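K.L.:
Residue numbers (our numbering): 720 to 1000.
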Amino acid sequence: MKLVALKVIINKSSKEEINEADDEFTNELNLLHEVGSHPNIDCLLGITKDSKDYILVLEYANNGNLMDYLKEKFASLNWNNKIKMALDITSGLEFLHSKEIIHRDLHSKNILVNNGKLLIADFGLSKKLVDANTGSVANIMGIIGYIEPLCFSNKKYYKKDKKSDIYSLGVLLWEISSGRPPFSNYLEDKMLTYRIRFENLREEPIENTPQEYRQLYEKCWNGEPKSRPDTSEVYRILSQLSTKDFSYLLSPQHEETIPSVDNTHNSSYGFHISTNFLRIY
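Written out as structure tokens, the structure reads:
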């Protein structure tokens, strides 16, 4: 018997919420169908229906999401493992971008782990570039530490693009190096968004991180989108790093994070955006 994951619409109270959930479900179904099969994309196996709802049938990930996986397994990961994980995410994102699809909501809860292999998941907010020609409130949905800083501007909604995904990818590369989400003990979300946008606040490099790896994620989260690499360049650099021996570098150990009293500590606070779906494993 093969295990699968089911994704269904949670009942909503208002007509507006129901329509929004339906639109997101339809969008994800269409994009998953267009994406097809890739080893680093959460694969659509089919669609079914119960008495009331349509249900997406997706590939099952037996190690849960990346955020939880890092909490549980980080102490056992060496740098070769971490670079392989970074390559998995980059490979999936490169494939999406080759099809002119932007994910728009990359973070470690939307990266699944199946037998140690990483899969990009949750395409509810994703868009074809031709359909993403205007900004929208969806641009600021997500977890603050991973969001394109220009989305926090007071200007009219910023249009997310491939470079916005690259910013999120850079944060994920840092998270793989640290074992924890970005800004994980920052107390004030409004102050965090301000400092990310206007003070270029980023997380601090982790001790014993390979210099080339650190330089790569710093390029990815550059405040100027035009200065960020594309997925092909990120993949090329990671592939080169994967051939090197980093066994001499000790991995950092998890430390208990203590909330900063004065809000000057680099940590994360995300606004929680409830999804319209329930993933059942």
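Just so it is clear, CB atoms sit at the ideal spot from N, CA and C, and this is done for glycine as well.
Since the structure is predicted, the reported quantities are computational estimates derived from the model, not experimental observations.
Is the beta carbon of Gly898 closer than 8 Å to that of Leu789?
P.N.:
For Leu789 and Gly898, yes; Cβs fall inside 8 Å.
K.L.:
How about Lys836 and Asp807: are their beta carbons less than 8 Å apart?
P.N.:
Going by C-beta atoms, Lys836 is nearer than 8 Å to Asp807.
K.L.:
Return the first residue and the last residue of the alpha helix (DSSP H) that Leu837 is part of.
P.N.:
It is not in any alpha helix (DSSP H) - Leu837 instead sits in the beta strand (DSSP E) that spans Lys836 to Ile839.
K.L.:
Contact between the region 927-942 and the region 886-897: three or more CB pairs below 8 Å?
P.N.:
Counting Cβ pairs under 8 Å, three or more are found: they touch.
K.L.:
With DSSP collapsed to three states, give me the class of Ile885.
P.N.:
If DSSP states are grouped into helix, strand and coil, Ile885 belongs with the helices.
K.L.:
Does the count of Cβ pairs from the region 791-810 and the region 949-966 closer than 8 Å reach three?
P.N.:
Contact between the region 791-810 and the region 949-966 is present, because at least three Cβ pairs lie under 8 Å.
K.L.:
Which residues mark the beginning and the end of the beta strand (DSSP E) in which Ile802 is found?
P.N.:
Where Ile802 is concerned, there is no enclosing beta strand (DSSP E), although the alpha helix (DSSP H) it sits in stretches over Trp798 to Ser817.
K.L.:
For Tyr773 and Asn834, what's the separation of their Cα atoms in angstroms?
P.N.:
Cα-Cα distance, rounded: 28 Å.
K.L.:
Measuring CB atoms only, is the region 900-910 touching the region 862-872, in the sense that at least three cross pairs come out at less than 8 Å?
P.N.:
The region 900-910 vs the region 862-872: in contact.
K.L.:
From the DSSP output, in three-state form, read off Lys878 for me.
P.N.:
In this structure, Lys878 counts as coil in the three-state DSSP scheme.
K.L.:
I'd like the list of long-range same chain contacts for His757, defined as Cβ closer than 7 Å, with 5 residues on each side in sequence excluded.
P.N.:
Excluding sequence neighbours, His757 sits near Gly811 and Phe814.
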